[in-house]
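S.K.: First, the structure itself, so that you have it in front of you.
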Amino acid sequence: MCSDLAFALRGVRTTVGDNFALRDVSFELPTGYVMGLIGANGAGKTTTIRCLLGMRPIQTGEIELLGHRVPGPVALRQDVGVVLDHTYLVGEWRLVEVERALRPFYDRWDGSRYRQLLDTFGLDPRAKVKDLSRGMAMKLMITVALSHQARLLVFDEPTSGLDPVARDELVGIIGDFLLDEGHSVLFSTHITPDLDRIGDYVTLIHDGRIVRTGTKDEVLDAYRIVRGGPDDLSGLVGVQLIGARRTPTGAQALVRTEEADLLAERVLVEAPTLDDIAVHIGARVPHPDPGNGASRGPEPRRGAGRRQSDSSMPTREIA
Amino acid sequence: MTAIARTVVLDLRTAVAYRSQALLLFVVVALIEFKNPILLVPALALLAIPAIAAFPLQAADKAGLETLYAVLPVPRRSVLYGHYAWALATYLALAAAGAMFTLAFARAQADAFDGRTLLVVLTLSWAVFVVNVAIQFPLFIRFGHSRIGGLGTVLPVALIMAVIIKLHLTTRLHVTVASVQAWLPLVWVAGAVAIVASVAVAIAADTRRVR
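Right, dumping it as structure tokens:
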């Protein structure tokens with residue numbers, strides 16, 4: 001298998017316990033770009049990443065990673081740097097010992113790069129892993145990932161819990177990493193402003209399904225925010241409101257761009273931010289399919305809300 | 001360096017983080033058996049060596065090292081082999097250290113302690129170590145040390161104690177160096193077979209691990 005894709009998931013399905021599954025997950029990232037994987041907590045981001053890395057078996061579908069089918073050769077892991085939302089190193093290790101422990105496993109480990117990054121991040125080589133703050137621990141994991149000269153960096157919620165300064169530094173690090181056009185980044189997050197700066201591609205995931213995937217501009221162009229009075233978004237024909245919110249003084253929802261044209265005369269239509277899209281899609285209420293426990297499809301069906309009732313139009317009321 | 005050797009080194013670095021506890025275990029057992037040096041190495045094999053050998057498995061749960069193993073470019077099976085190789089290395093190192101202390105303690109107390117007696121002692125400690133590790137490791141690998149650490153530790157010790165008590169009650173516990181000499185090679189071979197069987201069980205258990 002050989003392609004110019006950093007990775008691709010095609011029709012991936014896996015179950016996690018009794019209540020959650022990835023269903024028909026398909027998306028891909030060309031080499032040399034940054035993809036943001038956006039979804040609420042529990043949407044399936046971490047499960048997707050674990051499948052991509054071969055850490056979780058899949059039931060159907062196929063996964064391609066750096067030109068190899070997953071599970072691929074173990075040597076493939078030389079090329080993948082993984083930064084999860086927690087450390088996975090012995091707490092008693094000092095940072096110099098982290099290098100000694102990991103260096104034997106990587107053919108291209110760059111000790112001087114490791115020490116340089118520790119210095120850049122202000123990490124004391126004598127400090128113990130267990131004594132690092134969350135932000136410092138994330139920096140350590142990023143240092144490790146960058147020290148073995150990976151071609152693909154996979155970040156799972158790296159910025160959650162980081163202060164704005166640390167998040168800004170991380171974005172800068174990713175920018176530097178991408179100076180080599182053979183490098184790619186998958187970045188799962190629910191903090192979308194980070195992706196506004198560095199994301200080339202965006203994949204939206206909700207309840208184990210891919211809602212939309214494409215370039216950031218394509219995803220932003222695919223939706224509109226509509227705002228109006230309390231009753232302006234009721235009784236709409238041919239429009240699916242996504243994550244509608246109502247207050248006594250107004251209502252707003254996300255709609256597909258082509259459907260927004262139907263509303264232009266009665267409500268305010270605006271271009272959304274990634275945050276708007278993530279918030280409204282994350283607010284959708286999953287509906288179990290009869291028979292197999294699966295939830296509704298990834299895209300709202302045109303005309304599904306011909307006379308939208310509260311039961312057919314998932315909404316979240318705000319005070 | 002092979003993948004297994006790299007894993008053994010990683011286990012060593014993991015266990016070194018717990019060196020204070022390891023040293024404390026060794027010293028406590030040595031002090032207990034100071035007056036009875038012939039039992040020092042078997043006591044280490046019963047109480048200290050399996051615990052120290054299991055430090056990497058304990059740390060794997062505590063520090064999330066299973067994730068590290070999954071991310072490192074090393075085959076999963078090599079990780080398991082490496083854990084067992086680390087356990088054997090621990091036994092060899094601590095049994096050797098224990099043997100030296102045994103000889104030193106015996107000399108300090110003017111006890112006669114020849115090489116044949118030491119071989120019997122080491123063989124007995126090998127049997128105790130094998131029973132411990134062969135039972136504990138598959139349990140720890142299948143369920144995780146944090147879930148079953150207590151039971152996994154107590155079970156083999158209880159089994160060994162039950163055998164000793166049973167033999168004692170049936171008055172067959174009059175072991176002499178001469179009486180067991182012929183059995184020593186068999187014990188070493190049986191121990192090795194038990195370890196291999198335990199590795200096979202651990203590999204099977206690992207595929208059904210509760211993660």
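Going down the list, the protein sequences come from chains A and B.
Under the UniProt record's numbering, the residue at position 311 of the first sequence is numbered 311, and the numbers go up by one with no gaps.
Under the UniProt record's numbering, the residue at position 5 of the second sequence is numbered 5, and the numbers go up by one with no gaps.
Even glycine gets a Cβ: it sits at the ideal position worked out from N, Cα and C.
In terms of DSSP beta bridges, what is A:ARG256 paired with?
M.R.: The residue labelled residue 256 of chain A in the question sits at position 256 within the first sequence. A:ARG256 pairs with A:TYR223.
S.K.: Who are the neighbours of A:VAL82 on chain B, taking C-beta pairs under 9 Å?
M.R.: One-based indexing of the first sequence puts residue 82 of chain A at position 82. Ordered by position in chain B, the residues that pass the 9 Å Cβ test against A:VAL82 are THR67, ALA70 and VAL71.
S.K.: Out of B:ALA112, B:ALA106 and B:ILE195, point me to the one whose CA is closest to B:PHE34's CA.
M.R.: Your numbering for residue 34 of chain B matches position 34 in the second sequence. With distances taken between Cα atoms, B:PHE34 lies closest to B:ALA106.
S.K.: Output, in chain order, the set of chain B residues within a Cβ distance shorter than 8 Å of A:ALA251.
M.R.: Indexing the first sequence from 1 puts residue 251 of chain A at position 251. Within 8 Å Cβ-Cβ: nothing; A:ALA251 doesn't reach chain B, min ~44 Å.
S.K.: Report the three-state DSSP secondary structure of A:MET313 (helix, strand or coil).
M.R.: Mapped onto the first sequence, residue 313 of chain A falls at position 313. Residue confidence for A:MET313 is low, a pLDDT of 36 falling below 50, so the modelled location carries little weight and cannot support an answer.
S.K.: Taking 8 Å as the cut-off, decide whether the C-beta atoms of A:LEU89 and B:ALA63 are in contact.
M.R.: For the purposes of this step, residue 89 of chain A is taken as the residue at position 89 of the first sequence. For the purposes of this step, residue 63 of chain B is taken as the residue at position 63 of the second sequence. Yes, they are a contact pair.
S.K.: Report the residues of the stretch 119–145 of chain B with a CB closer than 7 Å to any CB of chain A, ordered along the chain.
M.R.: Of all residues in the stretch 119–145 of chain B, none has a Cβ within less than 7 Å of some Cβ in chain A.
S.K.: What does a CB cutoff of less than 6 Å around A:GLY44 pick up in its chain, not counting 5 residues either side in sequence?
M.R.: Translated into the one-based positions of the first sequence, residue 44 of chain A becomes position 44. So the qualifying residues of the chain are LEU22, ILE205 and GLY208.
S.K.: Using a Cβ-Cβ distance cut-off of 8 Å, determine whether A:VAL267 contacts chain B.
M.R.: Numbered from 1 along the first sequence, position 267 holds the residue referred to as residue 267 of chain A. No, A:VAL267 does not count as interfacial toward chain B.
S.K.: So the candidates are B:GLN181, B:GLU66 and B:VAL16; which of them puts its Cα closest to the Cα of B:LEU119?
M.R.: The count along the second sequence starts at 1 and reaches residue 119 of chain B at position 119. Cα-wise, what sits closest to B:LEU119 is B:GLN181.
S.K.: If the cut-off is 9 Å on Cβ atoms, which residues from the stretch 90–119 of chain A count as contacting chain B, listed in chain order?
M.R.: Going along the stretch 90–119 of chain A in chain order, one finds VAL90, GLY91, GLU92, TRP93, GLU97, ARG100, ALA101, LEU102, PRO104, PHE105, TYR106 and ASP107 with a Cβ nearer than 9 Å to chain B.
S.K.: Give me the residue from A:GLY172, A:ARG256 and A:ALA251 with the minimum Cα distance to A:GLY238.
M.R.: Counting from 1 along the first sequence, the entry for residue 238 of chain A is found at position 238. Checking every option, the nearest Cα to that of A:GLY238 belongs to A:ARG256.
S.K.: Using a Cβ cut-off of 7 Å, pull out every chain B residue sitting near A:HIS86, in sequence order please.
M.R.: Mapped onto the first sequence, residue 86 of chain A falls at position 86. The answer, in chain order, is GLY64.
S.K.: On a Cα-Cα basis, can you pick out the residue from A:PHE105, A:ARG100, A:GLY91 and A:ALA145 that is closest to A:LEU132?
M.R.: As a working mapping, residue 132 of chain A is identified with position 132 in the first sequence. Taking only the C-alpha atoms, the option nearest A:LEU132 is A:GLY91.
S.K.: Whole-angstrom Cβ separation of B:PHE101 and B:ALA30, contact assumed at under 8 Å?
M.R.: For the purposes of this step, residue 101 of chain B is identified with residue 101 of the second sequence, where counting begins at 1. For the purposes of this step, residue 30 of chain B is identified with residue 30 of the second sequence, where counting begins at 1. Between B:ALA30 and B:PHE101 the Cβ distance is about 6 Å, and since that is below 8 Å, they are a contact.
S.K.: Please report how far the alpha carbon of A:ALA40 lies from the alpha carbon of A:SER112, in whole angstroms.
M.R.: Numbered from 1 along the first sequence, position 40 holds the residue referred to as residue 40 of chain A. Numbered from 1 along the first sequence, position 112 holds the residue referred to as residue 112 of chain A. About 38 Å.
S.K.: Residues bridged to residue 321 of chain A by DSSP?
M.R.: Any answer about residue 321 of chain A is impossible in this case: the structure gives chain A only from 1 up to 319.
S.K.: By the 10 Å Cβ neighbour count, where 16 or more other Cβ atoms means buried, how is B:GLY82 classified, buried or exposed?
M.R.: Numbered from 1 along the second sequence, position 82 holds the residue referred to as residue 82 of chain B. Label assigned to B:GLY82: buried.
S.K.: What residue range does the beta strand (DSSP E) around A:GLU270 cover?
M.R.: Sequence index remark: in the first sequence, residue 270 of chain A carries index 270 (1-based). Run containing A:GLU270: 268–270, per the beta strand (DSSP E) assignment.
S.K.: One question on the structure: do A:ASP34 and A:ILE198 come within less than 8 Å of each other, judged by their Cβ atoms?
M.R.: Here residue 34 of chain A corresponds to residue number 34 of the first sequence, with the count starting at 1. Here residue 198 of chain A corresponds to residue number 198 of the first sequence, with the count starting at 1. With the sequence shown as reference, residue 34 of chain A is identified as Val, and Asp is not the correct amino acid for it. It is a contact, given that the beta carbons lie within the stated cut-off.
S.K.: Using a threshold of 8 Å, state whether the C-beta atoms of A:VAL226 and A:VAL267 are closer than that.
M.R.: Position 226 of the first sequence, counted from the start, is the residue given in the question as residue 226 of chain A. Position 267 of the first sequence, counted from the start, is the residue given in the question as residue 267 of chain A. Yes, these two residues count as a Cβ contact at 8 Å.
S.K.: Using 10 angstroms around the beta-carbon of B:ASN132, count the other beta-carbons present and answer buried if the total reaches 16, otherwise exposed.
M.R.: Translated into the one-based positions of the second sequence, residue 132 of chain B becomes position 132. Classification for B:ASN132: buried.
S.K.: In this structure, what does DSSP give as the bridge partners for A:VAL83?
M.R.: As a working mapping, residue 83 of chain A is identified with position 83 in the first sequence. DSSP lists A:PHE155 as partners of A:VAL83.
S.K.: Beta-carbon separation of A:VAL16 and A:THR60 under 8 Å?
M.R.: By 1-based counting over the first sequence, the position of residue 16 of chain A is 16. By 1-based counting over the first sequence, the position of residue 60 of chain A is 60. Not a contact, by the Cβ cut-off of 8 Å.
S.K.: Ignore the nearest five residues each way along the sequence and tell me which others in residue 321 of chain A's own chain have a CB closer than 7 Å to its CB.
M.R.: Because chain A is modelled from 1 through 319, residue 321 of chain A falls outside the range shown and cannot be assessed.
S.K.: Does A:ARG77 come within less than 8 Å of chain B when only Cβ atoms are used?
M.R.: As a working note, residue 77 of chain A is residue 77 in the first sequence. Yes - at least one Cβ of chain B is within 8 Å of the one on A:ARG77.
S.K.: Taking A:ARG224 and A:PRO272 to be in contact with their CB atoms under 8 Å, please state how far apart those CB atoms are, rounded to whole angstroms.
M.R.: The residue given as residue 224 of chain A occupies position 224 in the first sequence. The residue given as residue 272 of chain A occupies position 272 in the first sequence. About 7 Å separates the two Cβ atoms, so the contact holds.
S.K.: Sort B:ASP61, B:LEU39, B:VAL8 and B:THR170 by Cα distance to B:TYR84 and report the nearest one.
M.R.: By 1-based counting over the second sequence, the position of residue 84 of chain B is 84. Measuring from the Cα of B:TYR84, the nearest candidate turns out to be B:VAL8.
S.K.: Using a Cβ-Cβ cut-off of 8 Å, state whether B:ALA96 counts as contacting chain A.
M.R.: Mapped onto the second sequence, residue 96 of chain B falls at position 96. Judged by the 8 Å Cβ criterion, B:ALA96 is not in contact with chain A.
S.K.: Going along the chain, which residues of its own chain have a beta-carbon closer than 7 Å to the beta-carbon of B:VAL41, five neighbours each way excluded?
M.R.: For this step, residue 41 of chain B is matched to residue 41 along the second sequence. Answer for B:VAL41: ALA95, GLY98, ALA99, THR102, VAL121, LEU122 and SER125, listed in chain order.
S.K.: B:VAL128 and B:ALA45: beta carbons closer than 8 Å?
M.R.: Here the question's residue 128 of chain B lines up with position 128 in the second sequence. Here the question's residue 45 of chain B lines up with position 45 in the second sequence. Contact flag set, yes.
S.K.: Within the present structure, is the beta-carbon of B:LEU159 separated from the nearest heavy atom of the ligand GDP by less than 7 Å?
M.R.: Because no ligand of any kind appears in the structure shown, any question about the ligand GDP cannot be addressed here.
S.K.: So within the stretch 117–193 of chain B, which uninterrupted alpha helix (DSSP H) runs reach at least 4 residues, ignoring any that extend past its ends?
M.R.: Qualifying alpha helix (DSSP H) stretches, in chain order: 145–169 and 177–180.
S.K.: Mind checking the stretch 124–138 of chain A against chain B and listing, in chain order, the residues whose C-beta falls within less than 7 Å of any C-beta there?
M.R.: For the stretch 124–138 of chain A, which is checked against every Cβ of chain B, not one residue is closer than 7 Å.
S.K.: Closer than 7 Å by beta-carbon distance: list the chain A residues that pair up with B:ARG6, in chain order.
M.R.: Taking the first residue of the second sequence as 1, we reach residue 6 of chain B at position 6. Per Cβ cutoff of 7 Å: PRO104 and PHE105.
S.K.: Starting from A:ARG113, follow the alpha helix (DSSP H) in both directions and report where the run begins and ends.
M.R.: On the first sequence, position 113 is the one that residue 113 of chain A refers to. Its alpha helix (DSSP H) spans residues 111–120.
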